[in-house]
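Here the protein sequences come in this chain order: L and U.
With the numbering used here applied, the first sequence corresponds to residues 1 to 140, in that order.
With the numbering used here applied, the second sequence corresponds to residues 1001 to 1936, in that order.
We treat Cβ as the ideally placed atom computed from N, Cα and C, and that holds for glycine.
Reading through the structure tokens given below for one structure.
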Amino acid sequence: MIKFFLMVNKQGQTRLSKYYEHVEINKRTLLETEVIKSCLSRSNEQCSFIEFKDFKLVYRQYAALFIVVGVNDTENEMAIYEFIHNFVEVLDEYFSRVIMFNLDKVHIILDEMVLNGCIVETNRARILAPLLILDKMSES
Amino acid sequence: MPAVSKGDGMRGLAVFISDIRNCKSKEAEIKRINKELANIRSKFKGDKALDGYSKKKYVCKLLFIFLLGHDIDFGHMEAVNLLSSNRYTEKQIGYLFISVLVNSNSELIRLINNAIKNDLASRNPTFMGLALHCIANVGSREMAEAFAGEIPKVLVAGDTMDSVKQSAALCLLRLYRTSPDLVPMGDWTSRVVHLLNDQHLGVVTAATSLITTLAQKNPEEFKTSVSLAVSRLSRIVTSASTDLQDYTYYFVPAPWLSVKLLRLLQCYPPPEDPAVRGRLTECLETILNKAQEPPKSKKVQHSNAKNAVLFEAISLIIHHDSEPNLLVRACNQLGQFLQHRETNLRYLALESMCTLASSEFSHEAVKTHIETVINALKTERDVSVRQRAVDLLYAMCDRSNAQQIVAEMLSYLETADYSIREEIVLKVAILAEKYAVDYTWYVDTILNLIRIAGDYVSEEVWYRVIQIVINRDDVQGYAAKTVFEALQAPACHENLVKVGGYILGEFGNLIAGDPRSSPLIQFSLLHSKFHLCSVPTRALLLSTYIKFVNLFPEVKATIQDVLRSDSQLRNADVELQQRAVEYLRLSTVASTDILATVLEEMPPFPERESSILAKLKKKKGPSTVTGLEDSKRERGADINGGPEPTPASAASTPSPSADLLGLGAAPPAPVGPPASSGGLLVDVFSDSPSAVAPLAPGSEDNFARFVCKNNGVLFENQLLQIGLKSEFRQNLGRMFIFYGNKTSTQFLNFTPTLICSDDLQATLSLQTKPVDPTVDGGAQVRQAVNIECVSDFTEAPVLNIQFRYGGTFQNVSVKLPITLNKFFQPTEMASQDFFQRWKQLSNPQQEVQNIFKAKHPMDTEITKAKIIGFGSALLEEVDPNPANFVGAGIIHTKSTQIGCLLRLEPNLQAQMYRLTLRTSKETVSQRLCELLSDQF
Chain L
1 MIKFFLMVNK QGQTRLSKYY EHVEINKRTL LETEVIKSCL SRSNEQCSFI
51 EFKDFKLVYR QYAALFIVVG VNDTENEMAI YEFIHNFVEV LDEYFSRVIM
101 FNLDKVHIIL DEMVLNGCIV ETNRARILAP LLILDKMSES
Chain U
1001 MPAVSKGDGM RGLAVFISDI RNCKSKEAEI KRINKELANI RSKFKGDKAL
1051 DGYSKKKYVC KLLFIFLLGH DIDFGHMEAV NLLSSNRYTE KQIGYLFISV
1101 LVNSNSELIR LINNAIKNDL ASRNPTFMGL ALHCIANVGS REMAEAFAGE
1151 IPKVLVAGDT MDSVKQSAAL CLLRLYRTSP DLVPMGDWTS RVVHLLNDQH
1201 LGVVTAATSL ITTLAQKNPE EFKTSVSLAV SRLSRIVTSA STDLQDYTYY
1251 FVPAPWLSVK LLRLLQCYPP PEDPAVRGRL TECLETILNK AQEPPKSKKV
1301 QHSNAKNAVL FEAISLIIHH DSEPNLLVRA CNQLGQFLQH RETNLRYLAL
1351 ESMCTLASSE FSHEAVKTHI ETVINALKTE RDVSVRQRAV DLLYAMCDRS
1401 NAQQIVAEML SYLETADYSI REEIVLKVAI LAEKYAVDYT WYVDTILNLI
1451 RIAGDYVSEE VWYRVIQIVI NRDDVQGYAA KTVFEALQAP ACHENLVKVG
1501 GYILGEFGNL IAGDPRSSPL IQFSLLHSKF HLCSVPTRAL LLSTYIKFVN
1551 LFPEVKATIQ DVLRSDSQLR NADVELQQRA VEYLRLSTVA STDILATVLE
1601 EMPPFPERES SILAKLKKKK GPSTVTGLED SKRERGADIN GGPEPTPASA
1651 ASTPSPSADL LGLGAAPPAP VGPPASSGGL LVDVFSDSPS AVAPLAPGSE
1701 DNFARFVCKN NGVLFENQLL QIGLKSEFRQ NLGRMFIFYG NKTSTQFLNF
1751 TPTLICSDDL QATLSLQTKP VDPTVDGGAQ VRQAVNIECV SDFTEAPVLN
1801 IQFRYGGTFQ NVSVKLPITL NKFFQPTEMA SQDFFQRWKQ LSNPQQEVQN
1851 IFKAKHPMDT EITKAKIIGF GSALLEEVDP NPANFVGAGI IHTKSTQIGC
1901 LLRLEPNLQA QMYRLTLRTS KETVSQRLCE LLSDQF
């Protein structure tokens, strides 16, 4: 199962974090710092999976942004790796420019894709459907 | 997160958030928040009924205030009211507030549950979705009680919308995880299984997660899921990529769902029904075939998705372990990946192959890749990939290739990353023992291990080599000769001295005939190392000397002289002194016969599970190693190589100290005193009358306060006050603990005890005397503790105090603030020197960095005082940025001195610090960084 989903920039600032297992708020910062540190220290030649404490990190880098997913050993690393890309493509499709001003919507998208630590939807059209309804409502 | 979507207004909230962001200090923020709280409170209490929009706005503000870290004690009722709104945005904020701030107020829970019930019954899919998400987020017992019966119905009802089914499936999964007893299996189970047939792939995706978890716990109830999963998988795998429309990802049909279905099938053995089994085999073959076909797209996404499915299929093949043909094909496929240019694939291939190696069908096929794997070990640029290669070599090792693999691992060890050295050492030691045909090879291998990576050779490894040498008399002479030669090296590792001392003490007589290794030469060789060794090793050598007295009467006089010298008889260390006195006495009073009986050769050790294996299991977690060991054992007892193969159900794992009892030479730990020497207080093994209390509340905070200072009050309650006064110099320290009786009644049986874990005992030596067991009312007693830092340590000792007060038993534990930084000696240096040294310590292992939020106001003078209090020198005008702080110092331990450089970069705007520690030792950097980070 997925333990957490993080978006962190190269400066180590967390842009989005979503935990699917309870972690105390004050421990989260520490965890996030350690996570981003271990991702930043890696080069392109290294693989995208890191053994971290008792679980694994799967990460991808998009320009200055890292997306890091913590998973336990019941997940397929490659599937998660590609799932991150799927997520990014959904974001690309919905947002024309910088997403950081619309974090609430990024949350909605993530919630459509991952529920309770499980991948629940991968179909782009269906992921975006609720958001499009919301947009319509606020326009009218 | 200060993001307000446009169209949704709530200007008041946006203004409030930007106000907070503009606050210059914590105080200003609190002031602004209190003002807002008062405003909201008055609005909620006011006579005018609030409309939904205002309610939403204020609840939203409360939520924001809470997320900033402030307590919220009102507004719950208003949030619950929002739940019954018919507007989506209002309802959503209501549910959000409940999910984040739920408390077990029973009155409120009833209302919330009521609102959820209404929404579930509303048939409005959006509202149902919100309600289900709320249950899944909160997942409390009360909610489980209220809805565990309801949700399965929603899930399997024919007219439920697809999106609601998805939410319901994962909501149920949450309830099952938190309160499995409240989710009874029933009629619904068979209908849930049929969701695998649902037309909608999103529903199938969600249901598969639920079924997989349920099937792990109740395999019988969900057995039917196997055939359904197989047929669903078969439809996906054989479909043309266009059939599944949007669930096709870069020409791969539903990759994530395929992975989940293959996972589900791994909960079960191979299907019994031949038709199902045939269909599954067909699926797996198709997946393997597709890997060989030319890719449908050049995009990396295509091959990644395809490979995700492929790896999961291979996992299933390995899990079934029944189709030789598939296993060999899987192995060949992975073999191709071993040379792929994508690091990710090489990593995963090595990992999967590791499990393949333990199958009897594919073990041989895996072995054919040995050269590639060895090459990976030498050329991979990623340590985690190299680590996988080591694991795989370990897994594919058998008698035919053991010598080659062990040799490769040994040569890799010379350059291996520090982080994985210990594990490699353990693995080499295990393989060498397990596949040794010729025990001289085994002895050579272990001595090589000590030579190459002595620091990483744990106690277990050298205990084991001694056990084996003692149990096998054909190798004893060779072992004695080899250690004797190895000891000739001008600088040899302390572990070698231990092994050498022990083996020569037992079997030195076997090589004494050779004039080049006469008794006297053996003795002088060992004794030349004596003064360079730590206390436990010296103790062991003293035992060797007394054994020499028995083996070689001709060196008796020389040895007695050594024992009699002041440096032995009056040694400051109790253990050494005691041994010297007793051995000297033994050698003078005992007759030859008695001496020979007392110092008779060690009896063989009973066969038991290798202590090294136990250690590796502990390191890696039981599953990985056990699986491998057990399956290999089944294949043939002879593979074990030992004289009597250990039964698979080896009894309880012996602890390292239990092993040691057999050896009898070295004491368990330098500070562990024999139970009789009552003068020492550090005694974890004694049968104390009652258990040690858990740490007193606030102990951690108090502990942190003492990191940068030496004197103060450590603990205080109504009865007792504990004060500390301490001073440290180099690696030594003295601490006075003052126990003050704050009552007017006597404390009886007053016993303070210092408790150190085994690890800590080896690194920090504490000596003290017991105090008077009665403490009069109003009186204060003082206890002195002598401290010696043997090597760097991370834990802190615990001070446990037990006493009787007016008939009640009191038990208090506090952490004693003896921290590594106490052994700091400040070093002044100029800017140029500082940065030169800074650059020298540029290995990634030497640097530890932490970025953290300021917990206290960021005041320059206070920070300076703290750094000086921490023990390092504060270097002014060194850093080009005057706002930064740099420090330097040396940590003194008994064994070494460790130079430390630190740099603290405050960021006033973000209220953050970045702390960087560079020292020559990784664990030291780590510990100092932890300690200092807590201070700001």
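Contact criterion: CB-CB distance below 8 Å. Does Asn1307(U) meet it with respect to chain L? Position 307 of the second sequence holds residue 1307(U). Answer yes: the Cβ-Cβ gap between Asn1307(U) and chain L drops below 8 Å somewhere.
Shorter than 8 Å from the beta carbon of Tyr59(L) to some beta carbon of chain U? Along the first sequence, read from residue 1 onward, the residue named residue 59(L) stands at position 59. Chain U contact via Cβ: absent.
Which residues of chain U have a Cβ atom closer than 8 Å to the Cβ of Thr33(L), listed in chain order? Reading the first sequence from its first residue, position 33 is the one you call residue 33(L). Those are Asn1850, Ile1851, Phe1852, listed as they occur along chain U.
Would you verify that the beta carbon of Asp1206(U) is, or is not, closer than 8 Å to some beta carbon of chain L? Looking up residue 1206(U) in the second sequence gives position 206. It is worth fixing the name first, because residue 1206(U) is Ala in this sequence and not Asp. Closer than 8 Å to some Cβ of chain L, the Cβ of Ala1206(U) qualifies, so yes.
Does chain L have any CB closer than 8 Å to the CB of Val1625(U)? Start at 1 with the first residue of the second sequence, and residue 1625(U) comes out as number 625. Bear in mind that the predicted position of Val1625(U) carries a pLDDT of just 43, short of 50, making it too unreliable to give a figure here.
Three-state secondary structure (DSSP) at Ala1784(U)? The residue labelled residue 1784(U) in the question sits at position 784 within the second sequence. If DSSP states are grouped into helix, strand and coil, Ala1784(U) belongs with the strands.
Thinking Gln1266(U) and Ala1206(U) are a contact (beta carbons under 8 Å), I'd like their distance in whole angstroms, please. Here residue 1266(U) refers to the residue found at position 266 when the second sequence is read from its first residue. Here residue 1206(U) refers to the residue found at position 206 when the second sequence is read from its first residue. In fact, because the Cβ distance is near 19 Å, the residues do not count as touching under 8 Å.
Terminal residues of the continuous beta strand (DSSP E) containing Ala1888(U)? As a position in the second sequence, residue 1888(U) is number 888, starting the count at 1. It spans 1885 to 1892 - the beta strand (DSSP E) in which Ala1888(U) sits, taken as one unbroken run.
Less than 8 Å separating the beta-carbons of Gln1911(U) and Ala1854(U)? Position 911 of the second sequence holds residue 1911(U). Position 854 of the second sequence holds residue 1854(U). It is a contact, given that the beta carbons lie within the stated cut-off.
Is Glu1220(U) helix, strand or coil by DSSP? Position 220 of the second sequence holds residue 1220(U). Glu1220(U) falls in the coil class under three-state DSSP.
Below 8 Å on C-beta distance, what does Gln1166(U) contact in chain A? Absent from the structure is chain A; the protein chains it does hold are L and U.
Roughly how many angstroms separate the alpha carbons of Val1244(U) and Ala1308(U), rounded to a whole number? Indexing the second sequence from 1 puts residue 1244(U) at position 244. Indexing the second sequence from 1 puts residue 1308(U) at position 308. In the sequence as presented, Val is not what sits at residue 1244(U); that position holds Leu. Going from the Cα of Leu1244(U) to the Cα of Ala1308(U) covers about 18 Å.
Tell me the rounded alpha-carbon separation between Leu1915(U) and Pro1271(U). Translated into positions along the second sequence, residue 1915(U) becomes position 915. Translated into positions along the second sequence, residue 1271(U) becomes position 271. About 57 Å.
Can you pull the chain L residues whose beta carbon is under 7 Å from the beta carbon of Phe1311(U), in chain order? Locating residue 1311(U) in the second sequence gives position 311, where the first residue counts as 1. By Cβ distance, chain L contributes Asn76, Met78.
Short check: CB of Gln1560(U) to CB of Ser1587(U), under 8 Å? Numbered from 1 along the second sequence, position 560 holds the residue referred to as residue 1560(U). Numbered from 1 along the second sequence, position 587 holds the residue referred to as residue 1587(U). Cβ atoms of Gln1560(U) and Ser1587(U): closer than 8 Å.
Would you mind stating whether Leu1584(U) and Leu1563(U) have Cβ atoms separated by less than 8 Å? As a working note, residue 1584(U) is residue 584 in the second sequence. As a working note, residue 1563(U) is residue 563 in the second sequence. Yes.
Against chain U, with Cβ distances strictly below 8 Å, would Ala125(L) count as a contact? Walking along the first sequence from the start, residue 125(L) turns up at place 125. Yes, because at least one Cβ of chain U sits closer than 8 Å to the Cβ of Ala125(L).
What residues in the stretch 1127 to 1150 of chain U have a beta carbon less than 7 Å from any beta carbon of chain L? Ala1136
Taking buried to mean at least 16 other C-beta atoms within 10 Å of its own C-beta, is His1369(U) buried or exposed? Sequence index remark: in the second sequence, residue 1369(U) carries index 369 (1-based). Classification of His1369(U): buried, given that the 10 Å Cβ count is 16 or more.
Note down the Cα distance separating Gly1012(U) from Lys1057(U), rounded to an integer number of angstroms. What you label residue 1012(U) is simply residue 12 of the second sequence in a count that begins at 1. What you label residue 1057(U) is simply residue 57 of the second sequence in a count that begins at 1. When rounded, the distance between both Cα atoms is 8 Å.
So if DSSP puts Asn1800(U) in a beta bridge, which residue, or which two residues, is it bridged to? Locating residue 1800(U) in the second sequence gives position 800, where the first residue counts as 1. Its beta-bridge partners are Thr1753(U), Ser1813(U).
Helix, strand or coil: how does DSSP classify Cys1708(U) here? Indexing the second sequence from 1 puts residue 1708(U) at position 708. Correct three-state label for Cys1708(U): coil.
Kindly confirm or deny that the stretch 1748 to 1760 of chain U and the stretch 1832 to 1849 of chain U touch, where touching means at least three C-beta pairs closer than 8 Å. no
Residue-chain proximity (Trp1188(U), chain L), Cβ-Cβ < 8 Å: Residue 1188(U) sits at position 188 when you count from the first residue of the second sequence. It does not; no Cβ of chain L falls within 8 Å.
Is there at least one Cβ from chain L nearer than 8 Å to Val1385(U)'s Cβ? Position 385 of the second sequence, counted from the first residue, corresponds to residue 1385(U). It does: the Cβ of Val1385(U) has a partner Cβ on chain L nearer than 8 Å.
Does Tyr62(L) pass the burial test, meaning 16 or more other C-beta atoms within 10 Å, or should it be called exposed? For the purposes of this step, residue 62(L) is taken as the residue at position 62 of the first sequence. When all chains shown are included, Tyr62(L) counts as exposed.
In terms of alpha-carbon separation, which member of Gly1139(U), Ile1868(U), Ser1813(U) lies closest to Pro1180(U)? The residue you call residue 1180(U) lines up with position 180 of the second sequence. When only C-alpha atoms are compared, the closest one is Gly1139(U).
Do Ser1933(U) and Phe1870(U) have their beta-carbon atoms positioned less than 8 Å apart in this structure? In the second sequence, the residue the question calls residue 1870(U) occupies position 870. In the second sequence, the residue the question calls residue 1933(U) occupies position 933. Taking 8 Å as the Cβ cut-off, Phe1870(U) and Ser1933(U) do not qualify as a contacting pair.
Which residues in chain L sit within 9 Å of Pro1844(U), going by Cβ to Cβ distance? Start at 1 with the first residue of the second sequence, and residue 1844(U) comes out as number 844. In chain order: Ser41.
Look up Met1735(U) in the DSSP assignment and give the residues it is bridged to. Indexing the second sequence from 1 puts residue 1735(U) at position 735. Met1735(U) pairs with Ser1726(U), Val1785(U).
Here's the rule I'm using: 16 or more other beta-carbon atoms within 10 Å means buried, otherwise exposed. How should Ala1809(U) be labelled? The residue given as residue 1809(U) occupies position 809 in the second sequence. For the sequence presented, residue 1809(U) should be read as Phe rather than Ala. Answer is exposed; the Cβ neighbour count stays below 16.
Between Val58(L) and Phe49(L), which are expected to be in contact by the criterion C-beta below 8 Å, what is the C-beta distance as a whole number of angstroms? Residue numbering aside, residue 58(L) sits at position 58 when the first sequence is read from its first letter. Residue numbering aside, residue 49(L) sits at position 49 when the first sequence is read from its first letter. 6 Å between Cβ atoms; contact.
For Glu1360(U), which of helix, strand or coil comes out of DSSP? Translated into the one-based positions of the second sequence, residue 1360(U) becomes position 360. Correct three-state label for Glu1360(U): coil.
Using a cut-off of 9 Å between C-beta atoms, extract the partners of Asp1246(U) located in chain L. For the purposes of this step, residue 1246(U) is identified with residue 246 of the second sequence, where counting begins at 1. Result: Thr122, Asn123, Arg124, Ala125, Arg126.
Note down, in chain order, each residue of its chain lying with its Cβ closer than 8 Å to the Cβ of Asn1448(U), except the 5 sequence neighbours on either side. Position 448 of the second sequence holds residue 1448(U). So the list reads Leu1410, once near-sequence residues are dropped.
So, with DSSP's three-state summary, where would you put Asn1113(U)? The sequence position of residue 1113(U) within the second sequence is 113, counting from 1. The answer is helix: DSSP assigns Asn1113(U) an H, G or I state.
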